[in-house]
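J.: Per the working numbering, the sequence shown runs over residues 1 to 81. Where a beta carbon is used, it is the ideal one built from N, C-alpha and C, also for glycine. Sharing a structure below in structure tokens format, with a few things to ask.
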Amino acid sequence: PPPDNTRILVMDNGDGTATVKGEAGAVLPSSRVNLTNARTGAVVSLTANPDGSFQALVDAVAGDVIIIDNDGPARIALPVS
Numbered sequence: 001p002p003p004d005n006t007r008i009l010v011m012d013n014g015d016g017t018a019t020v021k022g023e024a025g026a027v028l029p030s031s032r033v034n035l036t037n038a039r040t041g042a043v044v045s046l047t048a049n050p051d052g053s054f055q056a057l058v059d060a061v062a063g064d065v066i067i068i069d070n071d072g073p074a075r076i077a078l079p080v081s
């Protein structure tokens, strides 16, 4: 299944970075999560927690779009705000 966009926030930190935070159930438990800035192509990869939550810092500014995928072809795109 794709990541659950209702459980993920992408927040601009105002310093050229954004925090991407998924609450429990956002992605498959203990899955590989890839966060890709659609504008720059920069990728941050991490392993989700056993409850499907995760948090990461990505290089991004307001208006960028972060593509989120985990262990499969299903993905979602969320704007940095």
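Going straight from the alpha carbon of A77 to that of I67, what length do you get?
T.: Spanning the two alpha carbons is a distance of roughly 4 Å.
J.: The beta strand (DSSP E) spanning T47 covers which residue range?
T.: Start and end: 43-47.
J.: Measure the Cβ-Cβ separation of A48 and N70 and say whether it is below 8 Å.
T.: Yes.
J.: Using the DSSP secondary-structure output, state which residues sit across from R7 in a beta bridge.
T.: Beta-bridge pairing links R7 to no other residue.
J.: Can you tell me which of P50, N34, P29 puts its alpha carbon nearest to the alpha carbon of P73?
T.: Ranking the options by Cα distance to P73, first place goes to N34.
J.: DSSP on P79, reduced to helix/strand/coil?
T.: Of the three classes helix, strand and coil, the one that applies to P79 here is strand, per DSSP.
J.: Excluding five sequence neighbours on each side, which residues of the same chain lie with their C-beta closer than 6 Å to the C-beta of T36?
T.: Excluding residues within five positions, the ones whose Cβ falls inside 6 Å are V43, I67.
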